[in-house]
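The structure under discussion appears below in the form of structure tokens.
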Amino acid sequence: MTITLSNNTYDISSPTVGAIRIRKPGAKFCGLDRYNITHVAEETALPVYECNENELIIKNDAGDVIISVSILETPTGWQVSLPLTEDEQLYGLGDINRTRFDKRGHTYRAWVVDVARYMPIPYLMSSEGWAIGINTTFEHFYDVGNTDKDKLKVTCRYETPDITIYTGKDYAELLYRYTSVTGRPTMLPKWAMGLTFVCNQQADATQLISDCRNFRYEDIPCDIIGLEPGWMETDYDLSTEKKWHPQRFYIPFWTPNGASNFFRAVERLQFKLSLWLCCEYDLFYYEEKLIRGNTEDTLDKYLTIEEYEENSENEAFEDDQHLKNDFRMMDTITKPDEPWFEHLKKFVDQGAACFKLDGAYQVMDHPDRRYGNGMLDEEAHNLYPVVYAKQMSLGYSDYTGKRSMIYTVSGYTGIQQYAATWAGDTGGGFGPLVSMMNNGLCGHSNTSCDMDAYSIEGIHFGFLMPWAQLNSWAYWRHPWFLTDEMKAIFRDYDKLRYSLVPYLYTAAYQAWSTGMPVMRALPVVFPGDKGTHERLSQYMLGDSLLVGVFLDRSEKTGENGEKTNFYLPAGEVWYDFFTGEKYEGGQEIFYVPQKGKGGALFVKGGSAIPFAGEERQAVGDKPYESYIIRAWGDNATGMLYDDDGISFGYRNGEGTISNLSVVNGELKVETTGSYPGMPEKITYTLGEIVK
């Protein structure tokens with residue numbers, strides 16, 4: 057089906073319910089489509105629309121206008137314009153800035169840059185019930201009511217327009233529809249809900265095992281133990297020939313995978329081993345091979361010397377074996393016929409269960425590079441981090457049959473379906489907090505940062521997020537090197553997190569099911585409450601927990617000199633998790649954390665929350681057999697999801713959903729579903745009821 061706008065013809069289609077895609081007839085699809093990063097479902101009915109000479113007007117079923125779109129094409133590029141109402145808010149664009157949610161009044165560049173823009177995501181959603189996704193990997197710009205306060209303008213100097221307009225009754229529905237096209241957040245292994253610790257970069261096998269032992273000795277739960285680039289023989293090895301450092305991580309050649317090696321000791325201590333990687337490999341040869349199948353080679357085969365000598369066309373007075381091929385690759389790292397993940401399989405065989413993808417060199421420009429698919433960097437730069445995460449995630453899963461735990465620093469459209477991310481080399485403060493929520497506003501759920509273990513505020517924040525990481529890197533951030541007081545605080549928060557794993561895992565399942573992130577900026581959850589707008593120091597963690605961090609950043613002084621730093625959303629009753637104190641919603645308060653606490657943690661009234669009924673040093677692979685259900689308020693309800701924690705059975709309905717209710721002091725649990733390896737008996741115990 058086609059439409060005409062400003063004398064240009066466009067194809068329109070509906071990739072999902074309530075969405076309309078607009079693109080030039082015959083134009084090539086972008087790399088996101090070509091490499092199946094975006095999922096175009098079987099076409100659905102188009103939203104209600106009409107066209108005039110210059111605008112596509114999208115309406116709801118009642119005939120009310122939702123949004124109008126105009127497109128201008130010029131010899132130097134194209135521009136999409138959408139009108140904005142006076143009080144309209146626009147959220148999204150991923151980790152493109154770290155100072156605000158609402159993007160109104162500013163201009164943004166969609167281009168991956170180290171630190172400044174680790175993960176721009178070309179998606180914006182409006183408080184007026186629409187969202188826009190830009191289907192390109194080329195650099196482009198968003199003028200969000202900056203030069204013209206009443207207009208959103210998206211400009212690009214490359215190719216032709218290709219956009220998708222989504223409609224929905226609220227932010228939740230917009231995210232659901234957007235992630236149905238760009239992929240739902242990946243379900244990490246259940247053990248990824250525990251603590252990740254990254255060793256000092258100088259660590260050797262002895263230090264690695266010592267760190268594992270110390271976590272157990274200090275009674276500090278931990279699941280993932282990571283190595284920085286020092287694990288490799290060649291520092292920052294970009295090749296597919298990488299090896300363990302022969303002195304730091306000696307492995308007897310006669311038993312490379314044996315039970316007596318250091319990585320098996322790590323496993324026996326119930327840790328999952330993570331390895332640091334950097335990459336500049338040309339990943340696009342393999343993507344092209346997947347498209348056309350394995351029936352042809354990427355390039356002509358290199359000739360053997362014998363084949364060269366037998367070819368009479370190569371006869372010369374003086375033969376030079378260096379000239380035996382018709383081409384010479386400037387890229388000396390890539391092996392066009394070898395997928396990137398292939399060389400990592402031997403490390404998986406030795407116990408590597410997790411990979412950390414450093415920013416080197418995926419966040420850097422490569423202005424003189426032409427990739428194996430013919431793309432220049434201007435088209436491949438934003439695409440590369442997503443393809444990298446895709447090949448790592450699918451490579452691991454295809455090889456092991458298990459879910460992957462890949463975490464990376466960079467991304468673009470679709471990153472949420474392949475990898476977790478951390479906020480890069482920017483610490484664990486206020487900026488990373490905002491970046492994580494901005495990513496969540498684009499449907500990316502599995503976010504984290506480098507925890508600041510030297511402050512109570514950093515520990516509070518670091519454990520109350522979708523996944524938790526403490527990175528020593530060049531330092532000595534081990535919990536047992538803290539003061540006794542801080543070590544005890546660290547342990548308490550760590551154990552709180554481990555007790556909440558059933559709740560957090562349930563929230564992760566909800567993210568996979570709906571696109572609603574685990575860590576939720578308040579405007580997404582309470583869109584009608586103006587008090588939640590630009591609350592950068594607060595977020596919902598799942599359905600029931602309200603977290604406040606770095607509250608000094610939100611401190612305000614009222615007309616009468618009263619100070620506030622925390623807002624309790626209207627329409628709910630809230631309970632202080634630590635003290636049990638009850639508050640009515642819709643008010644500003646000045647919150648002072650209890651001794652040993654680094655911020656606020658509130659529970660929404662009417663919540664029944666599942667806690668682990670058994671204390672563990674690691675989440676591991678074993679299902680929980682007992683739960684404690686705690687309730688806040690009368691007629692409390694909640695949900696508990698569980699599955700085997702490692703397989704992809706959840707995609708086929710292999711899992712259990714337990715609806716929890718606590719009424720008149722009695723607990724009721726109704727469970728549906730099952731999964732292989734499910735415990736024969738599961739115990740649910742009613743814990744504290746806070747009123």
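Read in our numbering, the sequence shown has 436 at position 380, and its numbers run on one by one without any break. Even glycine gets a Cβ: it sits at the ideal position worked out from N, Cα and C.
Asked	Found
Opening and closing residue of the beta strand (DSSP E) in which Pro176 lies	175–182
Any 3 or more C-beta pairs closer than 8 angstroms across the stretch 296–308 and the stretch 246–255	no
Paired residues, beta bridge with Phe253 - DSSP	Ile281, Leu526
Integer Cβ distance of Leu112 from Leu61, believed to fall under 8 angstroms	6 angstroms
Anticipated Cβ contact below 8 angstroms, Asp414 with Leu333, distance rounded	7 angstroms
Ile347 burial status per 10 Å Cβ neighbour count (16 or more: buried)	exposed
Coarse secondary structure for Cys498, derived from DSSP in three states	coil
Exposure of Asn720, with buried meaning 16 or more beta-carbon neighbours within 10 Å	exposed
DSSP state of Phe19 mapped onto helix, strand, coil	The shown model of the chain, from 57 to 747, leaves out residue 19, and the question about it has no answer.
DSSP bridge partner residues for Pro139 (one or two, in chain order)	Lys207
Range covered by the beta strand (DSSP E) that runs through Ala664	663–668
Rounded straight-line distance, which links the Cα of His500 to that of Glu289	35 angstroms
CB of His301 within 9 angstroms of CB of Asp275, strictly	no
Cβ shell of Tyr307 (< 7 angstroms), same chain only, five flanking positions each side left out	Residue identity differs from the one stated: residue 307 is Ile in this sequence, not Tyr. Once the five neighbours on either side are set aside, the close Cβ partners of Ile307 are Trp300, Asn317.
Those residues which DSSP pairs with Phe658 across a bridge	Leu602, Asp632
Cα-Cα separation between Tyr198 and Leu180, rounded to whole angstroms	10 angstroms
Proximity of Tyr227 and Pro522 at Cβ, strictly below 9 angstroms	no
Alpha-carbon spacing of Pro735 relative to Gln326, whole angstroms	20 angstroms
CA-to-CA distance, Gly428 to Asp353, given in whole angstroms	Note that Asp353 scores a pLDDT of 47, beneath 50, so its modelled location is shaky; the value from the coordinates is reported in the next line. Approximately 12 angstroms between the Cα atoms of the pair.
Contact with chain B by Gly642, beta-carbon distance below 9 angstroms	The structure shown contains no chain B; it is built from a single protein chain.
Three-state secondary structure (DSSP) of Phe622	strand
Contact set for Pro679: own chain, Cβ-Cβ below 8 angstroms, skip 5 residues either direction	Asp698, Asp700, Gly701, Gly733, Met734, Pro735
Buried or exposed by the 16-neighbour rule on C-beta atoms within 10 Å, applied to Thr351	Caution is warranted here: a pLDDT of 49 is assigned to Thr351, below 50, making its placement in the model unreliable, and no coordinate value can be reported.
Ser682 (DSSP reduced to helix, strand or coil)	strand
Stretch-stretch touch, CB-based, cutoff 8 angstroms, three pairs: the stretch 534–546 with the stretch 561–568	no
Run of the alpha helix (DSSP H) containing Asp550, from where it starts to where it stops	540–555
Touching by the beta-carbon criterion (3+ pairs, under 8 angstroms), the stretch 160–176 and the stretch 467–476	yes
First through last residue of the alpha helix (DSSP H) which encompasses Gly87	87–90
Assumed close pair Leu716, Met695 - CB separation to whole angstroms, cut-off 8 angstroms	7 angstroms
Cβ neighbour criterion (16 or more within 10 Å) applied to Asn63	exposed
Collapsed DSSP secondary structure at Thr216 in the structure displayed	coil
Beta-carbon proximity check, Phe517 vs Gly480, cutoff 9 angstroms	no
For Cys107, the first and last residue of its enclosing beta strand (DSSP E)	104–107
From Tyr91, Thr192, Pro176, Met542, residue whose alpha carbon lies closest to that of Tyr444	Tyr91
Alpha-carbon spacing of Thr477 relative to Glu109, whole angstroms	44 angstroms
Limits of the beta strand (DSSP E) - the one that Val741 falls within	Inspection of the sequence shows that residue 741 is occupied by Thr rather than by Val. First-last of the beta strand (DSSP E) with Thr741: 739–746.
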